[in-house]
Amino acid sequence: MKLGTPRKPQPTRLSAIALYAATIFLGSFLLFQIQPVIARFILPWFGGSPAVWTTCMVFFQALLILGYGYAHLLGNAAPKTQCIMHLGLLMISVVMLEIQPDGALKPTGTESPIASILFLLATHIGIPYLALSSTSPLLQHWFAQTHPGRSPYRLFVLSNLGSLLGLLTYPFLVEPLLTLRVQASAWQVGYVVYAVVCGICAVRYSRAGRTTASTQEQRSSTALPRSPQRPTWQQKLLWLGLATAPSIMLLAVTNQISQDIAVVPFLWILPLSLYLISFIICFDREAWYKRQFWVSLALFGIAAVVGLLHYLLEQDPGMLAQISIYSFCLFSCCMVCHGELVRIKPAPHYLTGFYLTVAVGGACGGVFVSLIAPHIFQGLWELHTGLILAFLLVGICLVRTKARPRRIAWQIAWGLAAILLTAVLFQHARDVHFNPLASSRNFYGVLRIYEEDFGPLDSMAAHDSGTRVHGTNPIRSMYYGEIMHGNQFTAGQLSKTPISYYARNSGIDLALRFHPHRQQRATGRTTNNASGLHVGVIGLGTGTIAAHGRPGDVIRFYEINTDVIQLNKKYFTYLSDSPAEISVIIGDARIQLEQELIKSGPHQFDLLVLDAFTGGAVPIHLLTREAFGLYLKHLKPNGILALHITNRYLDLSPVVKGLAIEFQQTPLLITSPQDLGQAREESDWVLLTDNPTLLHDRRITLRSSPAHWEGQKSILWTDDFSNLFQVLR
151 MKLGTPRKPQ PTRLSAIALY AATIFLGSFL LFQIQPVIAR FILPWFGGSP
201 AVWTTCMVFF QALLILGYGY AHLLGNAAPK TQCIMHLGLL MISVVMLEIQ
251 PDGALKPTGT ESPIASILFL LATHIGIPYL ALSSTSPLLQ HWFAQTHPGR
301 SPYRLFVLSN LGSLLGLLTY PFLVEPLLTL RVQASAWQVG YVVYAVVCGI
351 CAVRYSRAGR TTASTQEQRS STALPRSPQR PTWQQKLLWL GLATAPSIML
401 LAVTNQISQD IAVVPFLWIL PLSLYLISFI ICFDREAWYK RQFWVSLALF
451 GIAAVVGLLH YLLEQDPGML AQISIYSFCL FSCCMVCHGE LVRIKPAPHY
501 LTGFYLTVAV GGACGGVFVS LIAPHIFQGL WELHTGLILA FLLVGICLVR
551 TKARPRRIAW QIAWGLAAIL LTAVLFQHAR DVHFNPLASS RNFYGVLRIY
601 EEDFGPLDSM AAHDSGTRVH GTNPIRSMYY GEIMHGNQFT AGQLSKTPIS
651 YYARNSGIDL ALRFHPHRQQ RATGRTTNNA SGLHVGVIGL GTGTIAAHGR
701 PGDVIRFYEI NTDVIQLNKK YFTYLSDSPA EISVIIGDAR IQLEQELIKS
751 GPHQFDLLVL DAFTGGAVPI HLLTREAFGL YLKHLKPNGI LALHITNRYL
801 DLSPVVKGLA IEFQQTPLLI TSPQDLGQAR EESDWVLLTD NPTLLHDRRI
851 TLRSSPAHWE GQKSILWTDD FSNLFQVLR
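Quick note: the sequence shown uses the working numbering, first residue 151, plus one each step.
Laid out in structure tokens, this is it:
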């Protein structure tokens, strides 16, 4: 080459950067795409509880720590050793690639749900998830080694962008278009592609590593410092705290918005997406984080959530308002915490240790919300904890950067504000649990029992009780979160009167009172005069349906939450007062019915009642085609399936219509308006049957709404496919 001739471009350098970027992006996309997929698979096995997702998040965060720790340790080895080790991990993960859970691992009802979920996830996606978790820090380390002078933190932004797209495409593209099995197969194909390109990166790094190392030795210390300043322990503690607080808030907000609406991927993905967006913005460019602006927004967001929590004590502000306020607060607080995290990030030399500490902080938040909070808190107080912790940490960061004469004033002002915030949130927690008879919290949620004076009743409410209707009428209620799940009067014979959603002339009352089998028995036209109704009930609550039982009836309840059973026995007497024969089966109703069908055959129920709720919504896995096929196998010919579809936010009528069409059943919608004088809550019941006697019984048909189904769209959900957006009010 002649002197002065321009040097030819080096495509290999550019292609290497592109290869690193593509691998990090694909790995991050798959890392977060698998989270809702595997959670959707196992959600029905554990009653559709919101805690399924938070437990999964603990697993994901723990594996993230292992992945970052693996990358941190591997980064200290020779390039060839790194290549061999990582190629080995990739090959093992491909061999063990089977993400669809084995049905043999379904719980029977007695196992610890948290232990079962963690074991199931570890055996199915443990190794692949570990490999994916290590991708971003490991390849950023390789990039820093082979491209000295370039910041690898922009690749962290690309990693979070891939994660965000992996999440957002799931509820809007993947879930509406693909069945679960197709989702699993597509993900496995994507993972094989990832393993190949990541393996290529490892081989190329191994080849370039020796040359890069010798080149770096010749560089001057002014061009690239040999020994960047080591982070102090105070900095590391701040890394840990600033990563822990947003993680606590992420899972706490997810629990808060899921418990009263529905446990679906969108309500998991929205908070997690906001969490990741804050990472993307803050790590892309430090200038995006304007401290004064974002701290002001965070303070406003915290105030809005505090106001919302108190407002919820009085009335429901609506689904959109709740989601918007919680999301705004979460995003603004995450922006402040992650923005402060970026301000104190270390030099690239300590990159893997920094990411490892951040991952540990995220996992600490997950462990606190999923494993510790349910044992030390009687309510969902982890959101309160996250708000206070974020507030204190930001105060520390502000104080650390102020000039010395103003530092004491900042400390006093921020300390007083923190005390005020703590006092307000503590008062809210106290108000939520003001004078309950009992409260309980476990994997399935928060339960509370209240007793109060209901006041005067009209004569119809006490028609069958023969007790007073004026003066004091004490009543006990069971709440799941903010949703009332049944109540009972405690005074004399009135305690045996079914009320709330199950009151006289409600859908379930009509189905039991005018059931054709009961009518035949009353007129002596049955072949077995001694037999009563055989009733199955999915969901126990206060056990009010037992009050409709008569001598000779057999009522079999299915309940997954053992705390509901214990509180029912201690504070409600519907079960013990009922003249019917009562039994309660522990475990997810669908799993129990499947096992009973195999072991002893169909139950031959005259009436099967679906009355299970997770917060304010029926668990989706109980409303699929496969679930209804199972229910009908347990019903007698011409039996009745009664569905309780009362809901604030979801209109489940299209789903019921789709199931009615699929199984050639006629739906009868019976709506009962709220009437406090009769102690009746507004309720929607649908009776599905092909029984001609019931369908022509004017006592029922005159109270049903046939016009409701005219022009109503029909939706058929399956175990492989369901979409909550289809039924939002």
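Virtual Cβ for every residue (Gly too), placed ideally from N, Cα, C. Quantities reported herein were computed from a predicted structural model and do not represent experimental measurements.
Thinking just about the alpha-carbon of each residue, which of the options is nearest to the one in residue i?
i, options, result
"L571", "L327, V455 and D834", "V455"
"L113", "S286, W292 and E261", "What is shown of the chain runs 151 to 879, which leaves residue 113 out entirely."
"P194", "G177, I167, F175 and P251", "P251"
"F639", "Y600, S656 and L662", "Y600"
"Q643", "I625, L247 and G636", "I625"
"I748", "G737, A730 and K783", "K783"
"S482", "L506, P421, G515 and Q862", "P421"
"Q637", "A653, G631 and T622", "Position check: residue 637 holds Asn in this sequence, whereas Gln was assumed. Per the Cα distances, A653."
"Y500", "E709, T843, Q754 and W389", "W389"
"D434", "I475, T404 and L311", "L311"
"V889", "I820, H222 and F778", "Residue coverage of the chain in this structure runs from 151 to 879, which leaves residue 889 outside it and unanswerable."
"V544", "Q828, A497, P396 and P321", "P396"
Which of helix, strand or coil does DSSP assign to residue i?
i, result
"Q366", "Only weak support exists for where Q366 lies, its pLDDT of 47 falling under 50; the coordinates are left without a value."
"T535", "helix"
"L660", "helix"
"F711", "For the sequence presented, residue 711 should be read as Asn rather than Phe. Of the three classes helix, strand and coil, the one that applies to N711 here is coil, per DSSP."
"E860", "coil"
"I427", "helix"
"T839", "strand"
"N718", "helix"
"H297", "coil"
"Y220", "helix"
"F541", "helix"
"Q889", "The question about residue 889 has no answer, for the chain in this structure spans 151 to 879."
"Y890", "Any question about residue 890 goes unanswered here, given that the chain covers just 151 to 879."
"N310", "helix"
"G595", "strand"
"E602", "strand"
"H684", "strand"
"I705", "strand"
"R190", "helix"
"L878", "strand"
"E731", "strand"
"R830", "strand"
Where residue i and residue j are concerned, what is the direct C-alpha to C-alpha distance, given to the nearest angstrom?
i, j, result
"P524", "L660", "40 Å"
"A115", "I658", "No answer is possible for residue 115: the residues shown for the chain start at 151 and end at 879."
"Q824", "S872", "31 Å"
"I427", "L318", "11 Å"
"C479", "T535", "14 Å"
"R879", "Q406", "20 Å"
"L773", "G686", "16 Å"
"A228", "T502", "16 Å"
"D727", "C487", "55 Å"
"S283", "I215", "8 Å"
"V734", "F707", "5 Å"
"S408", "Q211", "20 Å"
"L247", "K386", "36 Å"
"Y341", "I184", "10 Å"
"N592", "D713", "8 Å"
"G316", "A281", "17 Å"
"E632", "Q290", "46 Å"
"G276", "S650", "46 Å"
"S313", "L181", "7 Å"
"T394", "G751", "51 Å"
"Q745", "I398", "38 Å"
"A807", "D834", "A quick correction: the sequence has Lys, not Ala, at residue 807. Cα-Cα distance, rounded: 14 Å."
What I want to know is whether the C-beta of residue i ends up closer than 7 Å to one or more non-hydrogen atoms of the ligand COA.
i, result
"P586", "By its list of ligands, the structure shown contains no ligand whatsoever, and the ligand COA lies outside what it can speak to."
Does the structure place the stretch 428–444 close enough to the stretch 324–331 that three or more beta carbon pairs sit under 8 Å?
With the rule of 3 Cβ pairs closer than 8 Å, the stretch 324–331 does not count as touching the stretch 428–444.
Mind the definition here: the stretch 753–763 touches the stretch 845–856 only if three or more C-beta pairs lie below 8 Å; say whether that holds.
Touching, no, given that fewer than three Cβ pairs across the two stretches are closer than 8 Å.
So within the stretch 752–826, which uninterrupted alpha helix (DSSP H) runs reach at least 4 residues, ignoring any that extend past its ends?
Counting only runs of 4 or more, we get 775–784 and 803–812.
Counting Cβ pairs, one atom from each stretch, are 3 or more of them under 8 Å apart for the stretch 231–247 and the stretch 167–182?
Short answer: they don't touch.
Quick one: complete beta strand (DSSP E) runs, 3+ long, within the stretch 618–654?
As for any beta strand (DSSP E) of minimum length 3 sitting wholly inside the stretch 618–654, the runs are 624–630 and 633–639, ordered along the chain.
Touch check for the stretch 747–762 and the stretch 690–706: three-plus C-beta pairs under 8 Å?
Cβ pair count under 8 Å is three or more, so yes.
Within the stretch 432–487, ranges of the beta strand (DSSP E) (whole runs, at least 3 residues):
Fully contained in the stretch 432–487 is no beta strand (DSSP E) run of length 3 or more.
Assess contact between the stretch 778–797 and the stretch 712–730, defined as three or more Cβ pairs (one per stretch) separated by less than 8 Å. Is contact present?
By the C-beta criterion, the stretch 778–797 is judged not to be in contact with the stretch 712–730, since fewer than 3 inter-stretch pairs fall below 8 Å.
Count the CB pairs spanning the stretch 202–211 and the stretch 492–507 that are closer than 8 Å, and state whether there are at least three.
Contact between the stretch 202–211 and the stretch 492–507 is absent: fewer than three C-beta pairs spanning the two stretches fall below 8 Å.
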